[in-house]
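Trainee: In the numbering used here, the protein residues as written are 13 to 334.
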Ligand code: ACO
């Protein structure tokens with residue numbers, strides 16, 4: 013049986029840090045409120061002119077270096093992003109050119125905060141089908157560009173960053189299973205109302221930025237992530253105790269804690285970066301993975317459960333024997 017295995021991870025965060033106290037100078041909020049309700053202490057923000065592809069390139073080079081593969085081994089590039097540099101070419105094509113790779117398939121996937129999980133599932137399917145041997149999968153966002161910096165309900169939550177993995181065809185597992193879902197009926201709870209085809213409202217200019225009914229999104233996220241954990245374990249005939257590490261989407265520490273409780277997992281087995289990075293959307297899961305691989309927490313042979321929930325709504329999981 014053919015599997016894909018994660019052979020390298022990488023990440024990158026922009027230099028500029030925005031603290032909760034900085035935000036309290038911009039909107040009516042406080043460090044205490046943000047910490048208590050979200051767990052976030054700070055987030056990184058891309059510099060002017062620094063694009064999603066800039067962040068993606070740095071994360072990708074880190075992941076390729078860690079994998080021991082050479083750039084010429086890469087035969088598929090999938091980038092998950094909600095904030096592409098341009099309408100087209102895709103950020104994946106821009107990244108391909110930066111890396112001096114030519115000819116292989118390269119495309120973007122858009123599933124907002126579930127983007128990396130979607131992208132990894134797509135690349136895994138390419139590899140298992142024999143259509144690729146070595147894929148670069150990136151989650152990268154400059155989410156700060158689509159935030160309304162006058163809306164305290166959203167601007168405190170998000171940050172910029174990128175994470176990447178290199179996955180390779182292998183006879184040993186590997187990615188054990190992937191689970192993707194969506195329900196477009198919930199679009200209005202979390203969305204950017206305007207867009208290229210629909211047009212941009214000249215009167216209500218904020219329609220080009222993220223709008224969210226935070227409370228409703230919170231409840232949906234907790235319920236949905238609980239269900240996807242059960243679905244993933246059932247599919248693999250595993251018990252909750254078989255999972256060594258939970259690598260959740262980093263939206264809010266309270267959502268992460270609720271999912272860990274559902275898994276009866278100690279928070280010591282949960283990778284948490286939300287305090288340092290905020291919600292980096294599609295970059296969140298690969299960033300957290302890379303942090304825990306590089307600090308030595310995650311070891312070869314361990315079982316990892318990655319899960320995410322985002323606009324759409326979209327949600328999904330990936331179970332990995334690392
Ligand atoms: N500072 C101070 N007060 C605030 C702030 C703030 N930044 N934001 C809201 N408040 C106020 C509200 O106005 C409200 O005041 P009121 O009672 O006078 O009306 C009060 O705090 C409580 O507001 P709630 O929205 O009920 O607060 P809640 O505890 O739900 O926390 C939060 C809000 C943090 C947004 C939470 O609902 C949440 O995390 N939701 C999930 C969001 C999420 O995960 N989104 C990303 C999904 S992933 C993706 O695809 C992008």
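Glycine included, C-beta positions come from ideal geometry on N, C-alpha and C.
Assign residue 10 to buried or exposed, taking buried as 16 or more other Cβ atoms, counted over all protein chains shown, within 10 Å of its Cβ.
Mentor: The requested residue 10 is not part of the displayed model; the chain covers only 13 to 334.
Trainee: Looking at C-beta atoms only, is the number of pairs between the stretch 24-37 and the stretch 178-187 that lie closer than 8 Å three or more?
Mentor: No, the stretch 24-37 does not touch the stretch 178-187.
Trainee: CB of residue 41 to nearest heavy atom of the ligand ACO: below 7 Å?
Mentor: Yes - the ligand ACO has a heavy atom lying nearer than 7 Å to the Cβ of residue 41.
Trainee: Note down the Cα distance separating residue 279 from residue 272, rounded to an integer number of angstroms.
Mentor: C-alpha separation (whole angstroms): 7 Å.
Trainee: Decide yes or no for the touch test of the stretch 67-79 against the stretch 41-54: beta carbon pairs closer than 8 Å, at least 3 of them.
Mentor: With a cut-off of 8 Å, the stretch 41-54 and the stretch 67-79 do not count as touching, because too few Cβ pairs lie within range.
Trainee: Taking the alpha carbon of residue 137 as the point to measure from, which residue in 266, 14 and 290 has its own alpha carbon closest?
Mentor: Ranking 266, 14 and 290 by Cα distance to residue 137 puts 14 first.
Trainee: Determine the contact status of residue 237 and residue 255, defining contact as a CB-CB distance below 8 Å.
Mentor: Taking 8 Å as the Cβ cut-off, residue 237 and residue 255 do not qualify as a contacting pair.
Trainee: In this structure, does DSSP put residue 284 in helix, strand or coil?
Mentor: Looking at residue 284 - three-state DSSP - the assignment turns out to be coil, as it is neither helix nor strand.
Trainee: Short check: CB of residue 148 to CB of residue 89, under 8 Å?
Mentor: The answer is yes: Cβ separation under 8 Å.
Trainee: So the beta strand (DSSP E) residue 257 belongs to, where does it begin and stop?
Mentor: Residue 257 -> beta strand (DSSP E) spans 257-260.
Trainee: Return the first residue and the last residue of the beta strand (DSSP E) that residue 45 is part of.
Mentor: Counting along the chain, residue 45 falls outside any beta strand (DSSP E), though it belongs to the alpha helix (DSSP H) covering 43-50.
Trainee: At what residue ranges does the stretch 80-150 contain a whole run of the beta strand (DSSP E), taking only runs of 3 or more?
Mentor: You should have 88-92 and 117-121.
Trainee: Considering just the uninterrupted stretch of the beta strand (DSSP E) at residue 192, what are its terminal residues?
Mentor: Run containing residue 192: 187-194, per the beta strand (DSSP E) assignment.
Trainee: Have a look at residue 198 and residue 139 and give me their C-alpha separation to the nearest angstrom.
Mentor: Those two C-alpha atoms are separated by around 32 Å.
Trainee: In terms of residue numbering, what span does the alpha helix (DSSP H) encompassing residue 31 cover?
Mentor: No alpha helix (DSSP H) holds residue 31; the beta strand (DSSP E) holding it covers 28-31.
Trainee: Quick one: any contact between the stretch 91-100 and the stretch 113-122, if contact means 3 or more CB pairs under 8 Å?
Mentor: Output reads yes: the stretch 113-122 touches the stretch 91-100.
Trainee: Tell me which residue opens and which closes the beta strand (DSSP E) that residue 269 is part of.
Mentor: No beta strand (DSSP E) contains residue 269, which is instead part of the alpha helix (DSSP H) from 265-274.
Trainee: Do residue 173 and residue 67 have their beta-carbon atoms positioned less than 8 Å apart in this structure?
Mentor: Yes; because the gap between Cβ atoms is below 8 Å, this pair is in contact.
Trainee: In terms of alpha-carbon separation, which member of 326, 305 and 319 lies closest to residue 334?
Mentor: Comparing Cα positions, the closest option is 305.
Trainee: Tell me which residues share the same chain as residue 313 and place their Cβ nearer than 8 Å to its Cβ, disregarding the 5 neighbours each side in the sequence.
Mentor: Closer than 8 Å at Cβ, skipping near neighbours: 333 and 334.
Trainee: Under 8 Å by Cβ, that's how I've got residue 319 and residue 241 pegged, so tell me the actual separation to the nearest angstrom.
Mentor: Sure, about 7 Å apart at Cβ, within 8 Å.
Trainee: Inspect the beta-carbon positions of residue 268 and residue 284 and report whether they are closer than 8 Å.
Mentor: It is a contact, given that the beta carbons lie within the stated cut-off.
Trainee: Expressed to the nearest angstrom, what Euclidean distance is found between the alpha-carbon atoms of residue 266 and residue 290?
Mentor: Those two C-alpha atoms are separated by around 13 Å.
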